[in-house]
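Undergrad:
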Amino acid sequence: MNVFPMRDRWSLQGPTKTGAAALAGALLLSLSACGDEESGSTGGASSSGAATVDQSLRDQLPEEIVSQGSLVIAGSFDNPPVIYASAANATQPDGIAADLAAEIGERLGLDVEWRNTPFPGQLPGIDSGAFDIVWGQATQTEEREAELYDMIPFYAAPLSVLVEEGNPSGVTSFATMCGATIGGSVGSIFERYVQLANEQFCADKTPIEYQGYTKGEEVALHSGAIDAVIDTFPVNSDAATRLDGVEAIKLPDAGAIDSGLAGIVFSKTEPGLSTTVAQVLQQLHEDGTYQQIFEDEGVSTAILDADQLMVNYLTGTPAGEKQ
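By the count of the numbering used here, the sequence shown reaches residue 521 at its end, each step adding exactly one.
The structure is reproduced here in structure tokens:
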């Protein structure tokens, strides 16, 4: 997503997996710089080691998924703690999404094949059928649920800004952004959010300028070319723990614009896949595996309730349907 690692300030105290990976593989964690698409396959190794295939859930899967024997998942390996390149093997992801996907694969008897894909190519890949799932960078929105994709929220991801330490720009909310230059990922929903903020908060003031980046936000922020970087609080908070001279600030008025949820994306042509994955996530929540994965990454405050782990949570749109 950003040159910074996706989305109440949570504490990342102690030796989390994210921190260890960042120290071991700092070259890999330039958050919007995802080069050519890379692939990697796992056998769905379970974090708990106790999961077995749930045949009743496997029987609900689309026939083509069962036939291919795998889930093809796209994400950009630059978004800790959600998804980032493994320090041991840069073609494989680590993080919350990777661990949850491995559990899902284990319980459905499927391999998990990841495609390291920059965000602008992820949703088109769902549309073309190249990917079964997009996981790691997508914000859950009512429009997407109702009109475009099936989505399952998996992660609490309120909006924030990353600013220079001491916040010389004075950006603490959308209302205080008027007249500022804000950096963010090219092709992300954040540009749309800035447009909405201009309409809601800056109608009679100097508008916010959005500067899109594929990489280099860190340099731009330190040089003064931009006043802040917009992303989810987990991403910016993670960046603030790894980078010198920056701090993350949650935007208190973001609720007028953003759901605060990160979601897993599916094509509406495969409702059997999205509904089955939702059921597995609820199983993982019930047995504590879901919570443990978040705790291992040091982000327990991003845990959702079990009843939020459902297809199209915001709108209630039935899987496979459009409103």
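We put the beta carbon where it would ideally sit given N, CA and C, even for glycine.
Between which two residues does the alpha helix (DSSP H) containing P469 stretch?
TA: Note, P469: alpha helix (DSSP H), P469 to D485.
Undergrad: For D402, count neighbouring C-beta atoms within 10 Å of its own C-beta (all shown protein chains included) and say buried if the count is 16 or more, exposed if not.
TA: Under this definition D402 is an exposed residue.
Undergrad: In the structure shown, what three-state DSSP assignment does V270 receive?
TA: Three-state DSSP puts V270 in a strand.
Undergrad: Are S367 and A426 closer than 8 Å when you measure CB to CB?
TA: Yes, they are a contact pair.
Undergrad: Quick check on DSSP: helix, strand or coil for G514?
TA: Reduced to three states, the DSSP call for G514 is coil.
Undergrad: Taking the beta strand (DSSP E) that R313 belongs to, which residues open and close that run?
TA: Here the beta strand (DSSP E) through R313 covers D309 to N314.
Undergrad: Considering only the alpha carbon of each residue, which of Q521, G461, G267 and G414 lies closest to I380?
TA: If we check each option's Cα against that of I380, G414 comes out closest.
Undergrad: Taking just the CA atoms, how far does D451 sit from Q266?
TA: Their backbone Cα atoms lie some 45 Å apart in a straight line.
Undergrad: Helix, strand or coil for P318 per DSSP?
TA: Here P318 sits in helix by DSSP.
Undergrad: Can you pull the DSSP bridge partners for Y282?
TA: Y282 pairs with D276 and D292.
Undergrad: Can V478 and M349 be called in contact, C-beta distance under 8 Å?
TA: Contact flag unset, no.
Undergrad: Taking C-beta to C-beta, are L449 and S358 nearer than 8 Å?
TA: Closer than 8 Å, so yes.
Undergrad: Which of helix, strand or coil does DSSP assign to G453?
TA: Helix, per DSSP.
Undergrad: Can you tell me whether T315 is buried or exposed? The criterion is at least 16 other CB atoms within 10 Å of its CB, across all chains shown.
TA: Result: buried.
Undergrad: What does DSSP give as the partner residue(s) for L360 in the beta ladder?
TA: V427 and A446, per the DSSP bridge assignment.
Undergrad: Since G410 sits in a beta bridge, which residues does DSSP pair it with?
TA: Note: G410 sits in a beta bridge opposite G382.
Undergrad: If P279 sits next to P432, beta carbons under 8 Å apart, how far is it from one beta carbon to the other, in whole angstroms?
TA: With a Cβ gap of about 6 Å, P279 and P432 count as contacting.
Undergrad: Using a 10 Å radius around the Cβ and a threshold of 16 neighbouring Cβ atoms, would you call E468 buried or exposed?
TA: Burial call: buried.
Undergrad: Considering only DSSP beta bridges, list what I331 is partnered with.
TA: The partner list for I331 (beta bridge, DSSP) reads I271.
Undergrad: Looking only at its own chain, which residues have a Cβ that is under 8 Å from the Cβ of Y347, when we skip the five neighbours before and after it?
TA: Here the set comprises L321, I324, V463, F464, S465 and K466.
Undergrad: Taking the CB atoms as reference points, tell me whether I302 and V417 lie closer together than 8 Å.
TA: No; because the gap between Cβ atoms is not below 8 Å, this pair is not in contact.
Undergrad: Look at K520 and E345 and say whether their C-beta atoms are less than 8 Å apart.
TA: Contact: yes.
Undergrad: Between which two residues does the alpha helix (DSSP H) holding V417 run?
TA: Element bounds for V417: E415 to S421.
Undergrad: Could you give the DSSP three-state label for A336: helix, strand or coil?
TA: Reduced to three states, the DSSP call for A336 is strand.
Undergrad: Across which residues does DSSP place G461 in a beta bridge pair?
TA: Answer is P351.
Undergrad: Under the three-state reduction of DSSP, which class applies to N287: helix, strand or coil?
TA: Reduced to three states, the DSSP call for N287 is coil.
Undergrad: Give me the Cα-Cα distance between F275 and L298, rounded to the nearest whole angstrom.
TA: Taking the straight line joining both Cα atoms gives about 15 Å.
Undergrad: With 16 as the cutoff for other CB atoms within 10 Å, does G514 come out buried or exposed?
TA: Counting Cβ neighbours within 10 Å, G514 comes out exposed, since fewer than 16 surround it.
Undergrad: Please classify N434: is it buried, with 16 or more other beta-carbons within 10 angstroms of its beta-carbon, or exposed?
TA: Buried, since its Cβ has 16 or more Cβ neighbours within 10 Å.
Undergrad: Express the C-alpha separation of V369 and A378 in angstroms, rounding to a whole number.
TA: One C-alpha to the other measures close to 8 Å.
Undergrad: Helix, strand or coil: how does DSSP classify I501 here?
TA: Coil.
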